[in-house]
Ligand SMILES: NC(=O)c1ccc[n+]([C@@H]2O[C@H](COP(=O)([O-])OP(=O)(O)OC[C@H]3O[C@@H](n4cnc5c(N)ncnc54)[C@H](OP(=O)(O)O)[C@@H]3O)[C@@H](O)[C@H]2O)c1
């Protein structure tokens, strides 16, 4: 039987490292055509080069998801290269943990811009094509921090991830009758660069302690693949994946 993921055209933001990079490898290995997008060109070229040497199909696209125009250009490039768009994975993110009394408003701004507005721009750019095709799949990366607020230090990051869940669920309800699927993924501690996102030294040490029991990015790549491989009338709405050893 043919792999249901084979031939799908997939855009992944935050594809230069961590969960996005692992998803790009996993999906390309199953025959998807993957546009890997983020800001670091050298990293993107590395990911694409390694997919291609394994026989997969991928292309890099440099994007800052805080720019609506750049995200629009990313989707236009995917459609121009591959003729359609099947899955938009809104994955780029920043976790800058710090107590609110530190007043790191620049990091609050960046988390809101990347984690919330970046996802919204991804939806705005991909949705017209999905509606035109009469099919499509949004996979939005929230977090267990989007289910439960972690304190001290997690207020703003959790706020952004609660927003991603709310936006995804609203989007799902609006698109249910249009043959467009929406999946929200809520990972626990996964071993990536995410844990280095804060400039607050004490918070970073606390985060690194939590991440001692973290698991690999392949765990989330498999969750993404599971949502994608379902038949079109099955929408996996939410997937929570924690390390077995993670309590909260
Ligand atoms: N790892 C975890 O424990 C965990 C748990 C729950 C949820 N998540 C979520 O999973 C997603 C991926 O994170 P990760 O763990 O894979 O961390 P990561 O390794 O730090 O990856 C973050 C990705 O986002 C990209 N990015 C950041 N700012 C960007 C911007 N302005 N424009 C475009 N791309 C941008 C980064 O690439 P460039 O720097 O090259 O732009 C990178 O590829 C995030 O949304 C995160 O909140 C992760």
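In the working numbering, the protein residues as written are 1002 to 1249. Here a beta-carbon is modelled for each residue, glycine too, at the ideal position from N, C-alpha and C.
- Secondary structure at residue 1098: coil, using DSSP grouped into helix, strand and coil.
- The continuous alpha helix (DSSP H) containing residue 1205 extends over residues 1202–1211.
- The stretch 1093–1106 makes no contact with the stretch 1048–1059, as fewer than three CB pairs between them are under 8 angstroms.
- Within a 10 Å sphere around the beta-carbon of residue 1234 sit fewer than 16 other beta-carbons, which makes this residue exposed.
- The beta carbon of residue 1139 is closer than 6 angstroms to those of 1089 and 1183 in its chain, skipping five residues each way along the sequence.
- Placement of the Cβ of residue 1180 at a distance of 7 angstroms or more from every heavy atom of ligand 1 is found.
- About 5 angstroms separates the CB atoms of residue 1224 and residue 1240; that is less than 8 angstroms, so the two are in contact.
- DSSP places residue 1137 outside any alpha helix (DSSP H); the residue lies instead in the beta strand (DSSP E), whose first and last residues are 1137–1142.
- The C-alpha of residue 1044 lies about 29 angstroms from the C-alpha of residue 1160.
- For residue 1073 and residue 1242, the gap between their C-alpha atoms comes out near 30 angstroms.
- The alpha helix (DSSP H) runs lying completely inside the stretch 1116–1168 and spanning 4 residues or more are 1119–1134, given in chain order.
- Per DSSP, residue 1046 is one residue of the alpha helix (DSSP H) stretching across 1042–1054.
- For residue 1108, the distance from the CB to the nearest heavy atom of ligand 1 is not below 7 angstroms.
- Scanning its chain for C-beta atoms nearer than 6 angstroms, with the 5 sequence neighbours on each side dropped, one finds around residue 1021 the residues 1013, 1015 and 1092, in chain order.
- Remark: the shortest separation between the CB of residue 1121 and any heavy atom of ligand 1 does not fall under 7 angstroms.
- Shown here, residue 1249 sits in coil according to DSSP, grouped into three states, outside any helix or strand.
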